[in-house]
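Notes follow the structure.
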Amino acid sequence: MYTGPYSAIKVSDHVYWVGAIDWTVRDFHGYATERGSTYNAYLILGDKITLIDTVEPEFKNQLLARISSVIEPSRIDYIISNHSEPDHAGALAEVAALVQPEKIFASKMGVRNLQAHFHQPLNLVPVATGDKLSLGNLTLEFIETRMLHWPDSMFTFLVEDGVLFSSDAFGMHLASNARFDDQIDDWEYEAVKYYANILLPYSGLVPELLDEVAAMNLPIKIIAPAHGFIWRKDLQTIQSLYRRWAEQKPTKKVVVAYDTMWGSTAKMADAIMEGLWSGGVEPKGMDLRVTHRSDVVAELLEAGGLIIGTSTLNNGLLPRVGELLTYIKGLRPRNLQTFVFGSYGWSGEAVGQVEKLFDEMGLGVFREGIRSWYVPNQEVLEACFNAGQEFAAQLLETIRREEGNA
Ligand code: FEO
1 MYTGPYSAIK VSDHVYWVGA IDWTVRDFHG YATERGSTYN AYLILGDKIT LIDTVEPEFK
61 NQLLARISSV IEPSRIDYII SNHSEPDHAG ALAEVAALVQ PEKIFASKMG VRNLQAHFHQ
121 PLNLVPVATG DKLSLGNLTL EFIETRMLHW PDSMFTFLVE DGVLFSSDAF GMHLASNARF
181 DDQIDDWEYE AVKYYANILL PYSGLVPELL DEVAAMNLPI KIIAPAHGFI WRKDLQTIQS
241 LYRRWAEQKP TKKVVVAYDT MWGSTAKMAD AIMEGLWSGG VEPKGMDLRV THRSDVVAEL
301 LEAGGLIIGT STLNNGLLPR VGELLTYIKG LRPRNLQTFV FGSYGWSGEA VGQVEKLFDE
361 MGLGVFREGI RSWYVPNQEV LEACFNAGQE FAAQLLETIR REEGNA
């Protein structure tokens with residue numbers, strides 16, 4: 001086997017990683033991928049040679065080079081598409097044209113989605129949970145994971161090697177040459193950020209899926225996700241984290257995200273955070289002028305409170321606050337206590353508009369917001385400090401109640 005640049009990496013007896021490392025990507029449909037990503041594809045050397053997923057189209061040649069380090073790509077018999085999003089299926093039509101596989105397998109929704117992406121015949125075959133596919137000497141089993149995170153998403157399990165190809169689940173955007181969990185530290189924030197920005201809206205389905213997989217008694221030895229590194233040493237850590245994140249239990253952390261026109265709203269944020277701290281909770285100040293919305297969401301995953309500050313601009317919110325709230329609304333966080341504040345010059349509608357949005361999101365507003373006419377005076381700053389303390393007291397009471405009920 002060739003061992004030079006763009007080699008395949010052996011994962012198990014019959015499986016090779018043949019994906020691509022993207023050191024450059026910094027925007028993944030609105031999610032800031034500060035540390036790049038990988039698009040993981042896997043080659044299974046069974047009697048029927050099988051490719052699991054492809055890559056983002058720009059990286060097609062890297063995929064083909066890694067496959068070529070093991071076998072001639074035209075020897076591929078089957079392609080499995082676990083997920084039709086273009087970071088995994090974008091190169092599918094071109095790869096299929098080149099290797100001419102006998103069949104391409106996807107979930108029923110995957111077949112529909114791939115047709116809607118490529119608008120050309122691809123010899124697609126639908127599979128469902130529990131279906132098995134013989135590769136001659138090896139067997140694949142399919143598990144649909146609908147809405148985790150697309151309607152088409154599915155897992156594929158290679159029975160003989162115990163490899164679960166888990167698509168986006170258990171992955172993260174993290175470019176690295178390290179391919180396995182025992183080769184890398186400093187990954188947890190990227191896993192949190194990935195869950196919060198991609199999987200959070202579907203948290204209700206996560207425990208069900210983990211239970212379903214556990215009930216299948218699959219002899220899983222390796223979890224091979226579609227992004228980031230492969231889990232071969234400690235498979236439980238990421239599964240336990242997923243269970244914990246799915247619960248969205250309130251904690252003592254309070255995210256204070258704000259934007260400010262001339263510094264008045266920032267002064268109010270400082271006073272509120274000092275009140276929060278003196279009340280016994282941990283404020284996390286996130287000035288939106290220097291903080292990306294996807295990092296705010298990452299911090300929110302294990303928070304108990306969200307406090308938003310915005311000056312009123314042209315009778316509405318500052319744009320960065322509006323953008324953040326639109327993003328958060330789509331991610332449907334739960335169990336957050338909220339509060340709003342901000343400065344204004346003449347009409348001051350922004351605070352009320354954010355409260356209305358929180359109401360639409362089903363998030364409880366702890367009390368009426370604080371508005372400062374222009375620059376906050378001592379009285380306003382003290383009111384902000386006191387509101388921070390009261391917010392902390394109420395949050396601590398909620399946490400105590402939850403712990404009592406646990
Ligand atoms: Fe990594 Fe949902 O695509």
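Residue 1 is where the sequence shown starts when you use the working numbering, and the numbers rise one by one after that. No residue lacks a Cβ here, since even glycine has one placed at the ideal position from N, Cα and C. None of these values were measured; they are calculated from a predicted model.
Could you give the residue range of the alpha helix (DSSP H) that holds residue i?
i    : result
F118 : 108-118
S68  : 60-68
Q353 : 350-360
R400 : 378-405
M273 : 264-278
D22  : Run containing D22: none in the alpha helix (DSSP H); it sits in the beta strand (DSSP E), 20-22.
S443 : Not covered by the structure: residue 443. The range shown for the chain is 1 to 406.
S371 : For clarity, residue 371 is Arg in the given sequence; the question names Ser instead. First-last for R371: 370-373, but that is the beta strand (DSSP E), not the alpha helix (DSSP H).
K193 : 188-194
P86  : 86-89
V256 : From DSSP, V256 is part of no alpha helix (DSSP H) but of the beta strand (DSSP E) over 253-258.
S12  : Looking at the DSSP string, S12 is not in any alpha helix (DSSP H), and its letter there is neither H nor E.
V163 : V163 -> not in any alpha helix (DSSP H); beta strand (DSSP E) instead, spanning 163-167.
Sort the options by Cα distance to residue i and report the nearest one.
i    : options                : result
P207 : L158, T145, A224       : T145
R232 : G162, I21, E397, T291  : G162
G279 : L210, E397, V351, K356 : E397
L200 : Q378, C384, Q394, V297 : V297
D13  : K132, D211, K221       : K221
E349 : V11, M109, N314, M216  : N314
A215 : G130, Q115, K10        : G130
T237 : F170, L148, T260, P225 : F170
P126 : R332, V95, T24, R112   : R112
Q248 : W187, R332, A383, E212 : R332
N123 : E85, H83, A91, I79     : I79
Y374 : I223, A266, W23        : A266
D186 : D270, F142, F229, W277 : F229
Q183 : V365, D234, H83        : D234
L205 : R243, F157, P283, A269 : R243
Residue i and residue j look like a contact to me (Cβ under 8 Å); what is the Cβ gap, rounded to whole Å?
i    : j    : result
A387 : I198 : At roughly 33 Å, the Cβ-Cβ gap does not stay under 8 Å, so A387 and I198 are not in contact.
F165 : F155 : 6 Å
L209 : W245 : Between W245 and L209 the Cβ distance is about 13 Å, and since that is not below 8 Å, they are no contact.
H88  : H173 : Not confirmed; about 13 Å, so no contact.
P73  : L64  : 6 Å
L336 : L317 : The pair is not a contact, with the Cβ atoms about 18 Å apart (cut-off 8 Å).
K108 : A128 : 7 Å
Using the C-alpha atoms, what's the distance from residue j back to residue i?
i    : j    : result
I52  : Y258 : 43 Å
V354 : V340 : 7 Å
L140 : L306 : 44 Å
G345 : S264 : 11 Å
G285 : K252 : 14 Å
E34  : R26  : 5 Å
R66  : M1   : 11 Å
A8   : S68  : 8 Å
R289 : K193 : 19 Å
K356 : A175 : 40 Å
W150 : D168 : 10 Å
V321 : N217 : 46 Å
R400 : V254 : 16 Å
E85  : R371 : 44 Å
A383 : Y189 : 34 Å
Would a C-beta distance cut-off of 8 Å place residue i and residue j closer than the cut-off?
i    : j    : result
T54  : D77  : no
R293 : L324 : yes
L43  : Y16  : yes
S81  : A106 : yes
A20  : T38  : yes
V70  : A41  : no
G304 : P376 : no
E274 : F385 : yes
A191 : L241 : yes
D359 : A32  : no
G110 : K48  : no
Q115 : A93  : no
S347 : T312 : yes
G46  : Y327 : no
L148 : Y195 : no
A96  : K60  : no
Could you spell out where the beta strand (DSSP E) holding residue i opens and where it closes?
i    : result
W17  : 15-17
L209 : Careful: L209 lies outside any beta strand (DSSP E), inside the alpha helix (DSSP H) at 206-215.
P283 : 282-287
G342 : 337-344
R320 : That residue, R320, is in no beta strand (DSSP E); its alpha helix (DSSP H) goes 319-331.
A225 : Checking the sequence, you will find Pro at residue 225 rather than Ala. Where P225 is concerned, the enclosing beta strand (DSSP E) stretches over 222-225.
E102 : Note, E102: premise wrong, no beta strand (DSSP E); not H, not E.
S134 : 132-134
T237 : Where T237 is concerned, there is no enclosing beta strand (DSSP E), although the alpha helix (DSSP H) it sits in stretches over 235-247.
E299 : Per DSSP, E299 belongs to no beta strand (DSSP E); it is in the alpha helix (DSSP H), 293-300.
S37  : 37-39
Heavy atom of the ligand ATP less than 7 Å from the Cβ of residue i, yes or no?
i   : result
E85 : As for the ligand ATP, it is missing from this structure, which binds only the ligand FEO.
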